[in-house]
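Participant: Attaching a single structure in structure tokens format; questions to follow.
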Amino acid sequence: MFARLSRYEGSPVPPEGDLSAHAETIVQQVRGLPGFLGVYWLVDRATGKAVSLTLWEDEETMRASEENADRIRVDTARREGQRIVSVDRYEVGFGHVET
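Using UniProt numbering, read the sequence shown as starting at 1 and increasing by one per residue.
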């Protein structure tokens with residue numbers, strides 16, 4: 001499995017701000033891409049810093065999604081009033097989520 005980690009900076013988010021307001025739109029944009037496994041959106045409300053993490057079956061499908069991912073990233077940053085700080089790619093060494 002591979003992951004793309006994008007970092008953003010913007011204005012602080014008020015406590016009453018809805019962090020998932022555009023979640024459905026974003027998920028619909030990436031859900032149909034070959035190899036897509038999941039997405040996380042992490043936000044520090046106090047600083048306005050955010051991170052998106054997308055998970056992919058393999059490096060090939062992650063790389064093949066780059067053009068679509070760039071467009072989604074730019075649209076999301078613009079809509080949320082943020083700027084893109086960095087985009088990095090990683091092989092996932094391990095993962096664990098309690099449910």
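Think of the CB as a built atom: it goes at the ideal place given N, C-alpha and C, for glycine as much as any other residue.
#1: With a Cβ-Cβ cutoff of 7 Å, do S6 and S52 count as a contact?
#2: What is the DSSP secondary structure of E24, counted as helix, strand or coil?
#3: Assuming residue 123 and R83 are in contact, meaning their beta carbons sit under 8 Å apart, how far apart are those beta carbons, in whole angstroms?
#4: In three-state terms, what does DSSP make of V92?
#5: What are the start and end residues of each continuous alpha helix (DSSP H) run of 4 or more residues lying completely inside the UniProt domain "ABM" (20 to 68), in chain order?
#6: Hey, how far is the Cα of L33 from the Cα of P14?
#7: Here's a check: name, in chain order, each residue in its chain whose Cβ is nearer than 8 Å to the Cβ of M1, leaving out the five neighbours to either side.
#8: Please state whether DSSP places E80 in a helix, a strand or coil.
Facilitator: For this structure:
#1: Numbered from its first residue, the sequence shown carries residue 6 at position 6. Numbered from its first residue, the sequence shown carries residue 52 at position 52. Yes. Within cutoff.
#2: For the purposes of this step, residue 24 is taken as the residue at position 24 of the sequence shown. Helix, per DSSP.
#3: This structure leaves residue 123 out entirely; the chain is present only between 1 and 99.
#4: For the purposes of this step, residue 92 is taken as residue 92 along the sequence shown, with counting starting at 1. Reduced to three states, the DSSP call for V92 is coil.
#5: 23 to 31 and 59 to 64
#6: Counted from its first residue, the sequence shown places residue 33 at position 33. Counted from its first residue, the sequence shown places residue 14 at position 14. In a straight line, the C-alpha of L33 is about 33 Å away from that of P14.
#7: Here residue 1 refers to the residue found at position 1 when the sequence shown is read from its first residue. The residues are L37, L55, W56, E57, D58, E91, V92 and G95.
#8: The residue given as residue 80 occupies position 80 in the sequence shown. Looking at E80 - three-state DSSP - the assignment turns out to be helix.
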